[in-house]
Amino acid sequence: MSHSERTFIAVKPDGVQRGLTSKILARFEDRGYKLVGIKLIQADEQLLSQHYAEHVGKPFFPKMVSFMMSGPILATVWEGKDVVKQGRVILGATNPLSNAPGTIRGDFGIDLGRNVCHGSDSVESANREISLWFKKEELVQWESNQAKWIYE
Ligand code: IDP
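At position 106 of the sequence shown (counting the first as 1) the number is 245 in this note's numbering, and the numbers step up by one without a gap.
Here it is in structure tokens:
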């Protein structure tokens, strides 16, 4: 399994407004994943329509987009073995009420439309989302000194 797999994780406007960014970053750092991109961004409708292309036209879409534009989003890219799947586990199920404590959404969320964070659901969508939210030069390739203590 590749140590260079990447995923896109975003703290949504509710998570930023509630001051949860450092706690969410810590979940990924503590697990051993490597941060390779990070920025605070005010998303526009065009970016969100591309990001959520599969949801365009659904009844909840307009409200969801206006919520996602209501404040800054912390966009991040993480790298490591199995990070896409493990990232979804760290986030928890889409509906916060379906989660036991221990996941980000289970610890910090209640309503579906205020579920604090986004995470790519496959390697394919991770690659698509990373190139949508980040320019190539905004991603940093670096060697972590911790790697030998995290991977055998
Ligand atoms: P995901 O964020 O876990 O990948 P998706 O099904 O891709 O879940 O939905 C994108 C986001 O849209 C969800 O995180 C949630 O905040 C919101 N959402 C999904 N379904 C509904 C709904 O039926 N009503 C309101 N918001 C929804």
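Note that the Cβ used here is the ideal one computed from N, Cα and C, for glycine as well.
* Asked: Would the C-beta of Gly-154 count as close to ligand 1, meaning under 7 angstroms from any of its heavy atoms?
  -> Counting from 1 along the sequence shown, the entry for residue 154 is found at position 15. In terms of side-chain proximity, the C-beta atom of Gly-154 is found no nearer than 7 angstroms to any non-hydrogen atom of ligand 1.
* Sequence-distant residues of its chain with Cβ nearer than 7 angstroms to Ala-265 (five each side left out) -> Along the sequence shown, one-based indexing puts residue 265 at 126. Counting only Cβ-Cβ distances below 7 angstroms, and skipping sequence neighbours, we find Arg-145, Thr-146, Phe-147, Val-223, Ser-259.
* Contact check, Gly-241 vs Tyr-172, beta carbons under 8 angstroms -> Mapped onto the sequence shown, residue 241 falls at position 102. Mapped onto the sequence shown, residue 172 falls at position 33. The answer is no: Cβ separation not under 8 angstroms.
* To do: List the residues that DSSP assigns as beta-bridge partners of Glu-218.
  => As a first step, residue 218 is located in the sequence shown; it is residue number 79 there, counting from the start. BP columns for Glu-218 point to Arg-145, Lys-173.
* Step through the CB atoms of chain D and report whether any lies within less than 8 angstroms of the CB of Leu-213. => As a matter of chain content, chain D is missing from the structure shown, which is built from one protein chain.
* **Between the CA atoms of Val-228 and Gly-252 - distance to the nearest angstrom** => Your numbering for residue 252 matches position 113 in the sequence shown. Your numbering for residue 228 matches position 89 in the sequence shown. Answer to the nearest angstrom: the Cα atoms are 19 angstroms apart.
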